[in-house]
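J.: Can you read through this structure? Questions will come right after.
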Amino acid sequence: MFVDSIELTLTSGKGGAGAVSFHKEKFILKGGPDGGDGGRGGDIVFVVDANTNTLSHFRGQKKIKAKGGQSGDIRNRAGKKGESTYIKVPPGTQVFSKESGELLLDLVKEGESEVFLKGGRGGLGNARFKSSTNQRPTHAQPGESGKSQEVRLELKLIADVGLVGFPNVGKSTLISALSSATPEIANYEFTTLTPKLGVVNGKDFRSFVMADIPGIIDGASDGKGLGLDFLRHIERTRVLLFMIDCANYRTLTNQFKALQNELEKYSLQLAKREYAIAITRCDAYYGENITKDIENFLKDIGLMPNMSAELHDKILPGFYSAKEGIFEGVPQFVLPISSVTKFNLEPLSYELLKMADR
70 MFVDSIELTL TSGKGGAGAV SFHKEKFILK GGPDGGDGGR GGDIVFVVDA
120 NTNTLSHFRG QKKIKAKGGQ SGDIRNRAGK KGESTYIKVP PGTQVFSKES
170 GELLLDLVKE GESEVFLKGG RGGLGNARFK SSTNQRPTHA QPGESGKSQE
220 VRLELKLIAD VGLVGFPNVG KSTLISALSS ATPEIANYEF TTLTPKLGVV
270 NGKDFRSFVM ADIPGIIDGA SDGKGLGLDF LRHIERTRVL LFMIDCANYR
320 TLTNQFKALQ NELEKYSLQL AKREYAIAIT RCDAYYGENI TKDIENFLKD
370 IGLMPNMSAE LHDKILPGFY SAKEGIFEGV PQFVLPISSV TKFNLEPLSY
420 ELLKMADR
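Start counting at 1 in the sequence shown, then tack on 69, and there's your number in the numbering used here.
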């Protein structure tokens, strides 16, 4: 079960009470106060653990509380500190205040540890209150209460390359062809209901992480379809790969503009993310002239004047641009592919690896 958002009430431990005690020993009639201090309450600590990739282990949990400190004891013995509670979360987890929506923690690095709520201080024992004017104090402090806060945990996957496209355009097939990931693949929309990660191995022992994001539909930025639940995962990716389906009933240009529009509406930061375009399912093309369709698409997005002559010699082996890839400019490259026949998958992974390295 993939869970990427959960609400919890977190409470640190209560401090132990100070002790009221007087030293009693044979031949010592008035030993004086010897009540020890209470122990500090346990902390709530977030720990980033790369061995987890979901928040599903919090399902069924509403409250998480650290242990309280022990009370002080006789003979000035302090109470034991309460055991802290360590909350393991996957990289990319954000902690928000449930009440205000404020971002409190952004946990991305493996092994990162952050004390979120400190435990309450232990109370002072009566030995602490002895003075020249008060030789027999009979009071001690209670322990300080722990802190409590309602939070919302949200997971945003961390990947080098995020696949962006309409449902059923071949995203899952591509990630399964390039990596060892095994997402569900079927000939209907929304077969991918949860994000999937795959490691793509390149040459020279280099690799990059690719994220298969559930399909985006018109109105996704307004919450339609799977909408906002999974658009958030694209924010963590370094590079966006637009998957444009040449066997879709929509034109290539319509698909690209619609996807671009949804991402821009969702986040202005995404509008400046480096990106590339893969024209998918070339093996399933049913039109009259795939080269002509792709030429029209390149012309529509302002790339036709720079098109290489070799695009006419083969079934468009690839278009590469040296310009900076932003929505206001041009993509880093446009490449027709087929995940089924492995057409152009090797140059695709090579170019994506270069982009991820940058």
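Beta carbons are placed, not taken as given, at the ideal position from N, Cα and C, and that holds for glycine. Computed from a prediction, not measured in an experiment: that's the story for all the values here.
Going by CA-CA distance only, name the one from THR162, ARG109, GLY104 and LYS132 that's closest to ARG305.
T.: Translated into the one-based positions of the sequence shown, residue 305 becomes position 236. Answer by Cα proximity: THR162.
J.: Which stretch, first to last residue, makes up the beta strand (DSSP E) that contains ASN122?
T.: Residue 122 sits at position 53 when you count from the first residue of the sequence shown. Premise fails: ASN122 is in no beta strand (DSSP E) and is neither H nor E.
J.: Roughly how far, in whole angstroms, is the beta-carbon of ALA135 from the beta-carbon of GLY82, given that I think they are within contact range, below 8 angstroms?
T.: For this step, residue 135 is matched to residue 66 along the sequence shown. For this step, residue 82 is matched to residue 13 along the sequence shown. With 8 angstroms as the limit, ALA135 and GLY82 qualify as a contact, their Cβ atoms being about 4 angstroms apart.
J.: Going by C-alpha to C-alpha distance, which of LYS216, ASP229 and GLY84 sits closest to ILE282?
T.: Locating residue 282 in the sequence shown gives position 213, where the first residue counts as 1. Considering only alpha carbons, the answer is ASP229.
J.: Given this structure, state the Cα-to-Cα distance separating HIS92 from GLU219, to the nearest angstrom.
T.: Residue 92 sits at position 23 when you count from the first residue of the sequence shown. Residue 219 sits at position 150 when you count from the first residue of the sequence shown. Going by the C-alpha atoms only, they are around 44 angstroms apart.
J.: Check whether the region 127–143 and the region 164–179 touch, using three or more Cβ-Cβ pairs below 8 angstroms as the test.
T.: The region 127–143, when compared against the region 164–179, does not touch it at the 8 angstroms Cβ threshold.
J.: So what's GLU94 in DSSP terms, helix, strand or just coil?
T.: Within the sequence shown, residue 94 is the residue found at index 25, counting from 1. GLU94: strand per DSSP, three-state reduction.
J.: Anyone know if the C-beta pair for GLY188 and ASP118 falls short of 9 angstroms?
T.: Position 119 of the sequence shown, counted from the start, is the residue given in the question as residue 188. Position 49 of the sequence shown, counted from the start, is the residue given in the question as residue 118. No, they are not a contact pair.
J.: Taking 9 angstroms as the CB-CB cut-off, is LEU266 touching chain C?
T.: Given the protein chain composition of this structure (a single chain), no chain C is represented.
J.: Do MET312 and LYS240 count as a contact pair if the criterion is CB distance below 9 angstroms?
T.: Along the sequence shown, one-based indexing puts residue 240 at 171. Along the sequence shown, one-based indexing puts residue 312 at 243. Yes.
J.: Within its chain, find whatever has a CB closer than 6 angstroms to the CB of LEU421; leave out the 5 residues flanking it on each side and keep chain order.
T.: By one-based count along the sequence shown, residue 421 stands at place 352. The answer, listed in chain order, is VAL230.
J.: Starting from ILE348, follow the beta strand (DSSP E) in both directions and report where the run begins and ends.
T.: Translated into the one-based positions of the sequence shown, residue 348 becomes position 279. Start and end: 344–349.
J.: In its own chain, which residues sit with a C-beta less than 7 angstroms from the C-beta of ARG342, not counting the 5 before and 5 after it?
T.: As a working note, residue 342 is residue 273 in the sequence shown. Closer than 7 angstroms at the Cβ level, and outside the excluded window around ARG342, lie LEU309.
J.: What is the DSSP secondary structure of GLN329, reduced to helix, strand or coil?
T.: Taking the first residue of the sequence shown as 1, we reach residue 329 at position 260. Reduced to three states, the DSSP call for GLN329 is helix.
J.: Please report the straight-line C-alpha distance between ASN270 and THR123, rounded to a whole angstrom.
T.: Taking the sequence shown and counting its residues from 1, the one referred to as residue 270 is at position 201. Taking the sequence shown and counting its residues from 1, the one referred to as residue 123 is at position 54. So the two alpha carbons sit approximately 23 angstroms from each other.
J.: Cα separation between ASN237 and ASN323?
T.: If you number the sequence shown from 1, residue 237 lands on position 168. If you number the sequence shown from 1, residue 323 lands on position 254. When rounded, the distance between both Cα atoms is 16 angstroms.
J.: Contact defined as beta carbons within less than 8 angstroms: I believe CYS315 pairs with THR349. What is the distance between those atoms, to the nearest angstrom?
T.: Translated into positions along the sequence shown, residue 315 becomes position 246. Translated into positions along the sequence shown, residue 349 becomes position 280. Correct: roughly 7 angstroms between the Cβ atoms.
J.: Could you please give the first and the last residue of the uninterrupted alpha helix (DSSP H) stretch that includes ILE313?
T.: Along the sequence shown, read from residue 1 onward, the residue named residue 313 stands at position 244. Unbroken run through ILE313 is the beta strand (DSSP E), 308–314; no alpha helix (DSSP H).
J.: Specify the secondary structure class of LYS341 as computed by DSSP and reduced to three states.
T.: Numbered from its first residue, the sequence shown carries residue 341 at position 272. The answer is helix: DSSP assigns LYS341 an H, G or I state.
J.: Since SER276 is in the alpha helix (DSSP H), which residue starts that stretch and which ends it?
T.: Here residue 276 refers to the residue found at position 207 when the sequence shown is read from its first residue. Premise fails: SER276 lies in the beta strand (DSSP E), 276–281, not in any alpha helix (DSSP H).
J.: With H, G and I counted as helix, E and B as strand and the rest as coil, what does DSSP make of LEU414?
T.: Start at 1 with the first residue of the sequence shown, and residue 414 comes out as number 345. Residue state, collapsed to three classes: helix.
J.: Can you give me the C-alpha to C-alpha distance between ARG197 and LYS132, rounded to a whole angstrom?
T.: The count along the sequence shown starts at 1 and reaches residue 197 at position 128. The count along the sequence shown starts at 1 and reaches residue 132 at position 63. Roughly 35 angstroms separates the two Cα atoms.
J.: Pop quiz: GLY151 and GLY137 are said to be a contact at Cβ under 8 angstroms. What is the actual Cβ separation, rounded to whole angstroms?
T.: Counting from one through the sequence shown, the residue named residue 151 turns up at place 82. Counting from one through the sequence shown, the residue named residue 137 turns up at place 68. Confirmed, about 5 angstroms.
J.: Look at the alpha carbon of ALA345 and the alpha carbon of VAL403, and state the distance between them as a whole number of angstroms.
T.: Walking along the sequence shown from the start, residue 345 turns up at place 276. Walking along the sequence shown from the start, residue 403 turns up at place 334. Roughly 6 angstroms separates the two Cα atoms.
J.: By how many angstroms is the C-alpha of GLY85 removed from the C-alpha of SER217?
T.: Walking along the sequence shown from the start, residue 217 turns up at place 148. Walking along the sequence shown from the start, residue 85 turns up at place 16. Computed Cα separation, rounded: 17 angstroms.
J.: Using only the alpha-carbon positions, how far apart do GLU364 and GLU415 sit?
T.: For the purposes of this step, residue 364 is identified with residue 295 of the sequence shown, where counting begins at 1. For the purposes of this step, residue 415 is identified with residue 346 of the sequence shown, where counting begins at 1. The straight-line gap from Cα to Cα measures roughly 23 angstroms.
J.: Measure the Cβ-Cβ separation of ASN145 and GLY105 and say whether it is below 9 angstroms.
T.: Here the question's residue 145 lines up with position 76 in the sequence shown. Here the question's residue 105 lines up with position 36 in the sequence shown. Yes. Within cutoff.
J.: Of the residues HIS208, VAL233, GLU213 and SER153, which one's Cα is nearest the Cα of LEU328?
T.: Looking up residue 328 in the sequence shown gives position 259. Nearest C-alpha to LEU328: VAL233.
J.: On the DSSP bridge list, what partners appear for ILE133?
T.: As a position in the sequence shown, residue 133 is number 64, starting the count at 1. Bridge partners of ILE133: LEU79.
J.: As a quick exercise: from LEU243, SER248 and VAL114, pick the residue whose alpha carbon is nearest that of SER182.
T.: Here residue 182 is taken as the residue at index 113 of the sequence shown, counted from 1. Minimum Cα distance to SER182 is reached at VAL114.
J.: Measuring alpha carbon to alpha carbon, tell me which of SER408, GLN338, GLU76 and ASP73 ends up nearest SER248.
T.: As a position in the sequence shown, residue 248 is number 179, starting the count at 1. Per the Cα distances, SER408.
J.: Among the candidates ARG319, ARG275, TYR335 and ILE143, whose CA atom is the shortest distance from the CA of ILE303?
T.: Locating residue 303 in the sequence shown gives position 234, counting from the first residue. Nearest option by C-alpha distance: TYR335.
J.: Report the three-state DSSP secondary structure of ARG205 (helix, strand or coil).
T.: Residue mapping note: residue 205 aligns to position 136 of the sequence shown, counting from 1. Reduced to three states, the DSSP call for ARG205 is coil.
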